[in-house]
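Heads up, the sequence shown is in our numbering, so the first residue is 48 and it goes up one at a time. Comments concern the structure below.
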Amino acid sequence: MEIIKLGKFAFWLMICLLGATICGKAAHVALDYDGDRRTDLAVVRYDQNTTSFVWYILQSRDGFRANVWGLQSNDRPRFEGDYDGDGKTDLAVTRLMPNDPYLYWYILNSSDGTMTVMQ
């Protein structure tokens with residue numbers, strides 16, 4: 048029996064595909080990056096060369112896109128949903144600051160490309 052080795056990117060892509068297959072109807076609103084009410088697939092990787100996160104998104108209607116969002120290695124990508132009410136999932140990360148007890152949300156609004164920061 049041969050063991051197949053996958054890179055981290057391939058592994059997380061498979062996890063997203065499996066999750067979308069199992070929970071397709073339940074997840075379609077929370078993971079809809081192009082606003083067509085169908086599940087889209089997203090994988091996020093931290094790129095050490097650019098010290099930023101790259102979001103690779105395969106949209107069901109608008110094709111593939113890659114976005115850079117999240118600029119610190121301690122940022123944590125969030126896939127929770129639509130924060131600006133336009134029907135599309137927004138890119139978001141959370142960040143803990145040194146000597147600060149609060150969690151900060153950085154949201155890239157899909158409706159107009161602006162950033163929202165919330166404590």
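Just so you know, even glycine gets a beta-carbon here, dropped at the ideal spot from N, CA and C.
Span of the beta strand (DSSP E) holding residue i?
i, result
"Arg84", "Arg84 -> no beta strand (DSSP E), and no H or E assigned at all."
"Thr141", "Leu138 to Leu143"
"Gln106", "Ser99 to Gln106"
"Leu118", "Neither: Leu118 is in no beta strand (DSSP E) and is coded neither H nor E."
"Tyr149", "Where Tyr149 is concerned, there is no enclosing beta strand (DSSP E), given that its DSSP letter is neither H nor E."
"Thr163", "Met162 to Met165"
"Thr93", "In the sequence on display, residue 93 carries Tyr and not Thr. Start and end: Leu88 to Asp94."
Check this for me: beta carbons of residue i and residue j, under 8 Å apart or not?
i, j, result
"Tyr103", "Val90", "yes"
"Tyr151", "Gln166", "yes"
"Asp83", "Arg112", "no"
"Ser120", "Thr97", "no"
Residue i: buried (16+ other C-beta within 10 angstroms of its C-beta) or exposed?
i, result
"Phe100", "buried"
"Gly128", "exposed"
"Leu118", "exposed"
Rounded to the nearest angstrom, what separates residue i and residue j at their Cα positions?
i, j, result
"Tyr149", "Val140", "14 Å"
"Gly160", "Asn146", "30 Å"
"Gly110", "Arg125", "21 Å"
"Gly134", "Thr86", "12 Å"
"Trp116", "Thr163", "13 Å"
"Leu105", "Leu88", "5 Å"
"Asp94", "Thr136", "22 Å"
For the putative contact between residue i and residue j, defined by C-beta atoms under 8 Å, what is the C-beta separation to the nearest angstrom?
i, j, result
"Ser156", "Asp131", "For the sequence presented, residue 156 should be read as Asn rather than Ser. That belief holds up - the Cβ atoms of Asn156 and Asp131 are roughly 4 Å apart, short of 8 Å."
"Arg92", "Asp122", "Arg92 to Asp122, Cβ: 12 Å. No contact."
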